[in-house]
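For the sequence shown, the working numbering gives the first residue as 13, with consecutive numbering after it.
Down below is the structure, laid out as structure tokens.
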Amino acid sequence: MAAQDKENNIIWVFQTYSSNESPCEVLKGILSSFEESVNSTTRTCVSAIVSQCNFTNIKGAIDNLTLISANICSAKTLQKVELVSESGNSEAEQIRAVQRLDYFVEQLVTKQEIGHKFENVYNIESAYQTPKKLVYKEILLLLPEEARDQISVGDFICSAEKNNLIHIIDIKMLKLAISILSNKPSHHLMIGINLSAKTFSEKKHFEEIIEILKLTSRPIRQKIIFEITETAFIEDSNVLKPRVQRIRDLDAKIAVDDFGSGYTSFAQIFNLDVDFIKLDLLYTQQLTNPDVDALVSFLKTYSKNRSSQLILEGIETLEQLEHWLSKDIHAFQGYYFD
């Protein structure tokens with residue numbers, strides 16, 4: 013079932029499911045709802061995203077709808093996707109529930125109750141190397157403990173994007189990175205922060221980022237890495253390339269985050285100067301696929317020729333680490349290193 017809020021350009025999709033349905037059936041039901049509400053271009057994008065997801069159960073389907081929602085948000089055609097169970101709730105009740113969730117997110121953002129944690133990127137020569145060589149620390153958003161049972165980080169980000177709050181979080185994280193680096197001026201530490209597609213693409217918010225960088229000393233700017241998700245690269249190259257270059261002209265660095273998870277073409281990436289390419293776990297966790305091996309080999313050669321660095325995300329096991337080390341890949345990020 014699809015309901016459209018034309019005033020706010022939001023299409024709500026409600027898809028019921030039962031416990032004996034496969035995740036594939038659930039997602040097909042969602043896509044069939046799109047047929048009546050979305051143009052063919054957007055349907056193609058959503059279908060591509062769904063086909064890349066590997067769900068093992070219904071809960072996985074629900075959790076991973078965040079990925080679909082985030083890409084739809086950035087595509088500016090749909091702004092929210094909701095999957096609901098067979099609860100008998102009316103469409104109006106379901107919409108009110110989402111509105112309550114949006115209000116909850118707004119309160120967390122405006123009251124500055126968002127925390128942070130770090131996840132490290134390492135350069136590793138052997139699986140048992142100690143100590144590991146730190147490339148940089150990525151700052152990740154951390155919800156207050158009491159909020160974690162109510163909303164996932166992915167849903168939080170999608171709601172913040174939909175309600176024009178995400179730039180507040182992006183700026184908060186940038187200022188935090190500057191503060192940390194300023195307290196360790198002689199240290200070799202670099203910090204990566206996520207810059208949402210919406211902040212990057214909207215001129216007003218992008219200019220806020222630029223002004224903060226201009227007020228920051230050059231030695232500090234050189235240690236900041238902006239991780240920009242693939243969805244930002246949907247933008248017209250006439251806008252995209254100059255904005256990437258403006259950041260790099262201020263000595264900050266650029267990383268393409270979650271590469272391969274969306275629908276960016278290679279040509280769009282190759283037309284830009286970036287410092288890091290972070291390959292999505294969708295690929296890095298496939299250890300028996302020769303096509304993935306070939307892709308990684310190609311990206312490794314490309315990165316070397318462009319003086320950038322390839323990073324494999326989502327390393328969770330020793331087997332994964334050893335596999336990619338055997339392919340002469342050495343930069344990694346993932347839960348395995350926690």
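Each residue gets a CB set at the ideal place from its N, CA and C atoms; glycine is no exception.
Distances from the alpha-carbon of S198 to those of H179, A209, L188 and I232 put I232 closest.
With a cut-off of 8 angstroms on Cβ pairs, the region 167 to 174 is not in contact with the region 144 to 151, counting fewer than three such pairs.
Rounded to whole angstroms, the gap between the alpha carbons of D292 and D285 is 19 angstroms. Taking the CA atoms as reference points, N176 sits about 8 angstroms from K210.
In this structure D161 is exposed. Its beta-carbon is surrounded by fewer than 16 other beta-carbon atoms within 10 angstroms. In this structure, I237 lies away from I289, with their beta-carbon atoms at least 9 angstroms apart.
With respect to the 9 angstroms criterion, L154 and I163 are not classified as neighbours on the basis of their beta carbons.
Counting C-beta pairs closer than 8 angstroms gives fewer than three between the region 190 to 197 and the region 131 to 142, which falls short of the contact rule. The three-state reading of DSSP puts L225 in helix, counting H, G and I together. Per the C-alpha coordinates, the member of D263, V133, P143 and K184 positioned closest to T122 is K184. Rounded to the nearest angstrom, the gap between the Cα atoms of I178 and F212 is 11 angstroms.
For the region 126 to 179, the full-length beta strand (DSSP E) segments reaching 3 residues or more read 127 to 135 and 145 to 154 along the chain. Bridge partners of V268 according to DSSP: I240 and I289. Non-local beta-carbon contacts of F282 in its own chain, meaning distances under 8 angstroms to residues more than five positions away in sequence, involve Y314 in chain order. As a beta-bridge residue in DSSP terms, N206 pairs with E239.
Inclusion of E239 and N206 in the CB contact set at 9 angstroms is warranted, their separation being smaller than that value. Sequence-distant partners of Q321 (beyond 5 residues in either direction) whose C-beta falls short of 8 angstroms from its own C-beta, in its chain, are V147, D287, F288, I289, S315 and A343.
DSSP, reduced to helix, strand and coil, places L324 within a strand of the structure shown.
A direct Cα-to-Cα measurement between Q141 and E334 gives close to 12 angstroms. Separation of the CB atoms of F349 and N132 is rounded to 6 angstroms, and the pair is thereby assigned contact status at 8 angstroms.
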